[in-house]
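Every letter in the first sequence is one number past the one before it in our numbering, and letter 366, counting from 1, is 366.
Structure record follows, encoded as structure tokens.
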Amino acid sequence: MSDWVYVRDIAASEGQVVTVKGWLYNRTDKGKLQFLLVRDGSGLIQAVVSEKDIGPEIFAEVQRLTQESAVEVTGIVHADRRAPGGFELQVQDVHVVQFVQDYPITPKEHGVEFLMARRHLWIRSSRQHAILRIRAEITRAVRAWLDGHGFLNMDTPILTPSSCEDSTTLFQTDYFGEPAYLTQSGQLYNEATIGAFGRVYCFGPTFRAEKSKTRRHLTEFWMVEPEMAYVDLDGCMEVEEQFVSYIVQSVLANRADDLKVLERDTSRLEKVVPPFPRISYDDAVKLLNDKGLDFKWGDDFGAPHETVIGESFDRPVFVHHYPTAIKAFYMEEDPQRPEVCLSVDLLASEGYGEIIGGGQRTASYELLEQRIKHHHLTREAYEWYLDLRRYGSVPHSGFGLGIERTVAWLCQIQHIRETIPFPRMLERIYP
RNA sequence: UCCUCGGUAGCUCAAUCGGCAGAGCAGCCGGCUGUUAACCGGCGGGUUGUAGGUUCGAGUCCUGCCCGAGGAGCCA
Numbered sequence: 001m002s003d004w005v006y007v008r009d010i011a012a013s014e015g016q017v018v019t020v021k022g023w024l025y026n027r028t029d030k031g032k033l034q035f036l037l038v039r040d041g042s043g044l045i046q047a048v049v050s051e052k053d054i055g056p057e058i059f060a061e062v063q064r065l066t067q068e069s070a071v072e073v074t075g076i077v078h079a080d081r082r083a084p085g086g087f088e089l090q091v092q093d094v095h096v097v098q099f100v101q102d103y104p105i106t107p108k109e110h111g112v113e114f115l116m117a118r119r120h121l122w123i124r125s126s127r128q129h130a131i132l133r134i135r136a137e138i139t140r141a142v143r144a145w146l147d148g149h150g151f152l153n154m155d156t157p158i159l160t161p162s163s164c165e166d167s168t169t170l171f172q173t174d175y176f177g178e179p180a181y182l183t184q185s186g187q188l189y190n191e192a193t194i195g196a197f198g199r200v201y202c203f204g205p206t207f208r209a210e211k212s213k214t215r216r217h218l219t220e221f222w223m224v225e226p227e228m229a230y231v232d233l234d235g236c237m238e239v240e241e242q243f244v245s246y247i248v249q250s251v252l253a254n255r256a257d258d259l260k261v262l263e264r265d266t267s268r269l270e271k272v273v274p275p276f277p278r279i280s281y282d283d284a285v286k287l288l289n290d291k292g293l294d295f296k297w298g299d300d301f302g303a304p305h306e307t308v309i310g311e312s313f314d315r316p317v318f319v320h321h322y323p324t325a326i327k328a329f330y331m332e333e334d335p336q337r338p339e340v341c342l343s344v345d346l347l348a349s350e351g352y353g354e355i356i357g358g359g360q361r362t363a364s365y366e367l368l369e370q371r372i373k374h375h376h377l378t379r380e381a382y383e384w385y386l387d388l389r390r391y392g393s394v395p396h397s398g399f400g401l402g403i404e405r406t407v408a409w410l411c412q413i414q415h416i417r418e419t420i421p422f423p424r425m426l427e428r429i430y431p
């Protein structure tokens with residue numbers, strides 16, 4: 001019995017007889033010679049089957065093998081320039097674990113509707129495989145950087161009694177006869193945990209019940225939200241640029257093969273190092289007007305505006321000091337200019353738009369109380385949040401990074417639906 | 001929610017002015033010792049999303065409905 005090895009480790013077994021356990025990705029039949037492309041989750045390897053090596057009986061069985069049949073392939077590992085990946089197996093034995101009939105996804109072209117309905121199988125395809133491996137690297141890097149920089153992971157609730165912000169629509173559920181909502185942000189809770197721990201982050205799913213039907217929106221998406229006590233707007237931007245740069249450089253260093261599968265131009269990503277350019281909302285408006293776009297001060301940027309601003313720089317760009325009126329109720333005002341607030345968004349390059357929203361939070365009890373009233377929020381529901389301004393209120397900042405948008409940017413893919421194993425979108429909750 | 005486009009074989013698509021519904025791939029049969037979405041030959045494969053309407057005749061024109069895609073708004 002030969003050793004079971006994963007394809008990713010195959011180079012270490014050159015010249016040895018090993019067994020690969022996986023699924024048939026594709027097969028080419030040349031008569032007395034067949035090429036099996038076997039994937040095992042860790043990689044893809046070509047297995048060369050010759051009739052004279054394994055005899056007519058097994059050879060004929062292999063000839064009947066169909067796409068995605070489960071197989072255990074035993075053979076000698078050879079380096080060969082002609083093989084994808086540089087190594088191949090000269091097959092000595094094939095054990096068929098399951099013959100598969102009529103696997104629906106062929107190596108040919110398919111439409112989005114067809115593939116999305118078969119998402120549970122589509123994730124086996126090489127492009128999807130590469131994207132989801134990069135996603136895993138991004139989430140690994142997120143935790144590694146935060147854990148290494150004094151942030152404590154605080155898991156915030158998914159079931160919440162009310163809205164965190166007043167702007168978006170929430171999914172309502174029944175909580176023992178009372179209405180409850182799926183969280184749209186852990187931020188408010190993290191403003192409490194920083195009072196206990198100083199620097200924290202939450203990382204989990206977030207839900208928005210808006211009927212958004214665009215390439216940048218999911219109804220369920222993942223967001224990491226760091227929050228920091230005694231950190232102002234400038235300090236927040238410094239953390240963001242260090243954090244994002246680390247994530248990008250980790251993907252470049254650890255997922256080069258997957259970026260190649262996606263044919264990602266990595267030269268743009270190599271430039272993603274601190275410092276990032278910083279422009280005020282005022283200057284962003286000027287920039288848009290100078291480029292001939294019709295945009296007036298006080299409006300929020302739409303997708304085309306974000307694209308133009310993002311494309312004006314060679315790395316992600318901070319836009320800060322948005323009008324107070326278009327931002328959430330908890331944003332701190334600029335003391336010199338109350339009509340703008342200490343908020344900052346990070347717009348990704350290459351037209352991928354906003355990947356981070358954040359800024360400095362209101363520290364003043366009086367201002368927050370006034371904002372809650374002004375935004376028609378229920379005072380009672382925010383009493384605990386007001387408590388945080390009663391007992392040791394300090395300047396503090398935080399931000400939320402959208403994982404799927406980051407994956408789409410780094411993978412250079414057109415639609416966010418491919419950045420999560422099972423996307424939840426308007427009109428799609430299957431599979 | 002609004003705007004635009006689409007739905008034809010298992011998949012991806014074609015079908016001229018309203019006039020016999022067709023190709024590639026997949027499947028099945030045969031051939032081939034270096035294939036990379038292999039190639040060569042052969043075979044089978046259809047309630048044209050759905051309900052009506054116009055017409056001698058509708059995949060094609062008209063209306064409703066269903067489903068999907070792209071975009072807007074909102075946002076990460």
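All residues carry an ideal CB built from backbone N, CA and C; glycine is no exception.
Separation of L24 from A130, as counted between CA atoms: 18 Å
Cβ neighbours of I45 in the same chain (closer than 7 Å, five flanking residues each side left out): V7, I10, V20, V38, G85, F87, E88 and L89
Close beta carbons around L121, own chain, < 6 Å, minus the five adjacent residues each side: I105
Cβ-Cβ distance between I372 and R379 below 9 Å: yes
Status (buried if at least 16 other CB within 10 Å, exposed otherwise) for R64: exposed
Boundaries of the alpha helix (DSSP H) in which A70 is found, first to last residue: Counting along the chain, A70 falls outside any alpha helix (DSSP H), though it belongs to the beta strand (DSSP E) covering A70 to A79.
Segment limits, alpha helix (DSSP H) that includes M237: L233 to N254
Boundaries (first-last residue) of the beta strand (DSSP E) holding L44: L44 to S50
Host alpha helix (DSSP H) of M228 (start-end): Counting along the chain, M228 falls outside any alpha helix (DSSP H), though it belongs to the beta strand (DSSP E) covering E220 to A229.
Integer Cβ distance of A141 from S42, believed to fall under 8 Å: Not really, about 20 Å apart at Cβ, beyond 8 Å.
Residue burial classification, Y391 (beta-carbon count within 10 angstroms, cutoff 16): exposed
The stretch 285 to 296 in contact with the stretch 325 to 337 per 3-pair CB rule at 8 Å: no
Delimiting residues of the alpha helix (DSSP H) encompassing R39: Not the alpha helix (DSSP H): R39 falls in the beta strand (DSSP E), residues L33 to R39.
Y430 classed as buried or exposed, judged by whether at least 16 other C-beta atoms fall within 10 angstroms: exposed
Close beta carbons around G310, own chain, < 8 Å, minus the five adjacent residues each side: P316, V317, L347, A348, S349, E350, G351, Y352 and G353
Cβ shell of G402 (< 7 Å), same chain only, five flanking positions each side left out: F221, M223 and I355
Cβ shell of M331 (< 6 Å), same chain only, five flanking positions each side left out: C341, S343 and G359
Given 8 Å, three or more beta-carbon pairs between the stretch 246 to 265 and the stretch 415 to 426: no
Neighbour-count burial assignment, T28, 16 or more Cβ in a 10 Å radius: exposed
Which listed residue (A408, R278 and S280) has its alpha carbon closest to that of H217: A408
Through-space distance from E57 to L33, alpha-carbon basis: 14 Å
DSSP-derived helix/strand/coil call for T156: coil
Pair within 9 Å by beta-carbon distance, Y103 and M154: no
Local conformation of S126 per DSSP, three classes: helix
Which of helix, strand or coil DSSP assigns to E109: coil
DSSP-derived helix/strand/coil call for F207: strand
Selection from E14, A83, S69 and V94 that minimises the alpha carbon distance to D53: V94
Collapsed DSSP secondary structure at H305 in the structure displayed: helix
Cβ contact check for the stretch 172 to 191 and the stretch 145 to 161: 3 or more pairs under 8 Å: yes
Own chain residues within Cβ distance below 8 Å of L388, not counting five before or after: E191, A192 and G195
Whole-angstrom C-beta distance between G398 and M228, which should lie under 8 Å: 6 Å
DSSP-derived helix/strand/coil call for V432: As shown, the chain starts at 1 and ends at 431. That puts residue 432 outside it, with no answer to give.
Given F207 as reference, the closest of L233, R82, T169 and E225 once Cα atoms are compared: T169
Length-filtered (4 minimum) alpha helix (DSSP H) runs lying within the stretch 174 to 209: 187 to 197
Where R215 falls, given that 16 or more other Cβ within 10 Å makes a residue buried: exposed
Residues that H320 bridges to, as DSSP identifies them: S280 and V344
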